[in-house]
Amino acid sequence: MSNAEPQLTANFIRQMVAADVQENKHHGKVATRFPPEPNGYLHIGHAKSICLNFGIALENNGTCNLRFDDTNPEKESLEFMQSIETDVSWLGFAWTNKFHASDYFEQLYQYAVQLIEQGDAYIDDLTAEQMRLYRGTLTEAGKDSPNRHRPVAESLDLFARMRAGEFTDGQYVLRAKIDMASPNVNMRDPIIYRIRHVHHQRTGDAWCIYPMYDYTHCISDALEGITHSLCTLEFEDHRPLYDWVLDKLQTPTHPQQTEFARLQLEYTIVSKRKLAQLVTENHVNGWDDPRMPTLAGLRRAGVTPAAIRDFCERIGVTKKDAWIEMAVLENCIREDLNENAPRAMAVLKPLRVVIENYPADLVEQLHIPCHPQKPELGSRQVNFAKEIFIEADDFALIPPPKFKRLIEGGEVRLRGSYVIKCNQVIQDEEGNISELRCSYDPNTLGKNPEGRKVSGVIHWVAVADSLPAQLRLYDRLFCLPHPDSEENFLAALNPDSLEILDDCRVEASLATAQVGDGFQFERTGYFCLDEDSNCEKLVFNRTVTLRDTWTK
RNA sequence: UGGGUCGUCGCCAAGCGGUAAGGCACGGGGUUUUGAUCUCCGCAUACCAAGGUUCGAAUCCUUGCGACCCAGCCA
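Just so you know, the first sequence maps onto residues 34 to 585 in this note's numbering.
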């Protein structure tokens, strides 16, 4: 890829890290981590976090671990873990170490024992419902559980028996003993362990008690020597708990948690639960449907890792709730593809053109540059013959104002080829245009015609050697900018998010395209060869349209 | 009514007491065998509001207003 990585602009996290390095905090080391829960596919929102965490590490010669936050086996799976590794790698990042929160289950358990011994945690047997009542509300303090002062020895015994599997799910929990009157509800004796007789994707049946996120995350960070623990805004209220646990445990290191705003992209959603719903209810064709904001979906659509990285840099990192317009992402995609995608011609809705003054037995081998601004990319062979297809939309019987394509009696340039003139329009009984009879000017190959100006240029393919193809025209998945705030986000689904064109014709040079290869089909958009292609038919997904200032 | 945050151009975003970067979008001109690209020009006397401090405030203080998050044995 020839494009340089984006210009880095200042953001508060970069500045904080730079200041820490300057002050030799953590001995000048920078260690971050990307900690996804393997309960779904990664999406564009994760890309922001990935670019931030790996980026900060890279910029400071630091390290960045991939850590699966796998403390809730009921929702997690190996399939998701695999997809996450694939996607992070595809985005262009290499983790220093790969860890799992489950790697720390034994240490987490021992730390919990320590907490109990210190009198900082206790076993409670309140039901979930009772617990909720005791917790109070946002404006009223909670009240102490009757078990809050259970003797240490008793809690220790109960905790060991929880681990041993003596109890049923929900029968007991381990709670941190903090402050039931805290204005921060997260500090009202939060649960740190619960009983779940569930098979874990990695630890199997070794455990029937699983640690909660708040308790696990900070210790995992500390054990890995993370210096900067970056997470999203909704965890701001959890930071006091993060710090409380590490302070009580006197861990060797105490990472600094810093929160930033999660990505909100217009006309899409980044809620894993809702993305999963789109998949399971078949509103899309899987997690990698090109309309999905998942990395797998973007990849299949033909979006490049560089475009996503550029996007993540451009949107910035702040603590402000911000909505990013889809145009920003599209611009990043176009900018990268314009620079790097070879050009080709594809006719979406073919209209047969017979060039009457062109010899029937002649086939000219034209060579058209793969990129108009980059001759070094070479050229491809495109054959010209008596019968060609042009885009039905490029001809108009009754042209709209300023139409500069083909009209009856008018002239137009065939891209990379000759200027043709339309002499006759053949229509069927119903008035449909079935064919155009044209003539070409032999003196216009590679040069302008004499004595007149032809401003229109249209794409074409030869009938004989063009290839049949299916083009999938994707559009935004939702027709409302903030589908997530709708009472029913499914109602905001765009009914026209996919248009399948089955009778397209593409130039012969595309026969050797590989799955995933991206092209600019001149004048129609950027496309990517899909894995559904077979020897009978090529399948291309539209990544994004070309900018269009005419139809506006 | 508790706690935690945030408010700079239509959308992002720099700015960190010395007189409003940049990107996207938008409008206009030029080049062009893609109505693409490229290129040139325009686009906040103004920083949520009102007071105050200061020679000087988007930056400091005060008071309002608005928005977002938190009461899972989810993360």
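Think of the CB as a built atom: it goes at the ideal place given N, C-alpha and C, for glycine as much as any other residue.
Pairwise C-alpha distance: residue j and residue i
i      : j      : result
Phe138 : Leu500 : 57 Å
Asp222 : Pro71  : 27 Å
His60  : Leu41  : 25 Å
Ala565 : Ala377 : Note on residue identity: the sequence assigns Asp, not Ala, to residue 565. Near 20 Å, if we compare the C-alpha coordinates of Ala377 and Asp565.
Thr337 : Val572 : 18 Å
Val445 : Glu389 : 16 Å
Asn36  : Asp369 : Unreliable placement is indicated for Asn36, whose pLDDT of 42 sits below 50; the coordinate value is still reported in the next sentence. C-alpha separation (whole angstroms): 7 Å.
Pro123 : Tyr155 : For the sequence presented, residue 123 should be read as Trp rather than Pro. One C-alpha to the other measures close to 45 Å.
Val317 : Leu311 : 6 Å
Leu263 : Glu257 : 14 Å
Asn315 : Gly335 : 22 Å
Thr236 : Ala502 : 48 Å
Pro244 : Glu109 : 15 Å
Gly88  : Trp356 : 22 Å
Ile421 : Gly558 : 21 Å
Glu363 : Asp343 : 11 Å
Met34  : Asn373 : Here Met34 scores only 37 on pLDDT, less than 50, and its place in the model should not be relied on; the value that follows carries that caveat. Between Met34 and Asn373, the C-alpha separation is close to 7 Å.
Thr477 : Pro433 : 27 Å
Leu395 : Ile491 : 22 Å
Leu410 : Leu469 : 34 Å
Leu91  : Ala309 : 32 Å
Ile46  : Lys353 : 13 Å
Phe101 : Lys407 : 43 Å
Paired residues, beta bridge with residue i - DSSP
i      : result
Tyr243 : Arg227
Glu532 : Leu506
Cys455 : Cys471
Trp493 : Ile423
Pro383 : Glu424
Ser412 : Pro402
Leu263 : Thr291
Ile431 : Ile431 pairs with nothing; no bridge assigned.
Val572 : Gln503
Val445 : Ile453
Asn98  : Arg66
Arg47  : Answer by DSSP bridge pairing: none, since Arg47 is not bridged.
His133 : Phe101
Leu526 : Phe511
Ala154 : Ala209
Thr551 : In the sequence under discussion, the amino acid at residue 551 is Gly, which differs from the Thr named in the question. Answer is Cys561, bridged to Gly551.
Neighbour-count burial assignment, residue i, 16 or more Cβ in a 10 Å radius
i      : result
Asn574 : buried
Pro69  : buried
Gly479 : exposed
Ile533 : exposed
Pro106 : buried
Gln283 : exposed
Cys568 : exposed
Ala339 : buried
Ile341 : buried
Lys435 : exposed
Leu510 : buried
Asn86  : buried
Leu111 : exposed
Ala214 : exposed
Leu279 : buried
Test item: CB-CB of residue i and residue j under 8 Å
i      : j      : result
Asp238 : Leu274 : no
His261 : Thr291 : yes
Thr578 : Phe560 : no
Asp563 : Val548 : yes
Glu555 : Arg448 : yes
Glu104 : Ala134 : At residue 104 the sequence reads Thr, which differs from the Glu that was named. Their beta carbons are under 8 Å apart, which means Thr104 touches Ala134 by this criterion.
Leu171 : Val218 : yes
Glu119 : Thr96  : For the sequence presented, residue 119 should be read as Thr rather than Glu. The answer is no: Cβ separation not under 8 Å.
Glu358 : Glu299 : yes
Val350 : Asn57  : no
Ala209 : Asp153 : yes
Arg66  : Asn98  : yes
Cys345 : Ala174 : no
Pro375 : Phe552 : yes
Contact between the region 376-384 and the region 321-330 (3+ Cβ pairs under 8 Å): no
The region 498-517 contacting the region 446-462, beta-carbon criterion three pairs below 8 Å: no
Three CB pairs or more closer than 8 Å across the region 528-543 and the region 293-308: no
Given 8 Å, three or more beta-carbon pairs between the region 467-485 and the region 400-408: no
contact_flag[the region 243-252, the region 138-153] where n(CB pairs < 8 Å) is 3 or more: yes
Cβ contact check for the region 536-548 and the region 323-342: 3 or more pairs under 8 Å: no
Touch test, the region 197-204 against the region 225-236, Cβ-Cβ under 8 Å, three pairs minimum: yes
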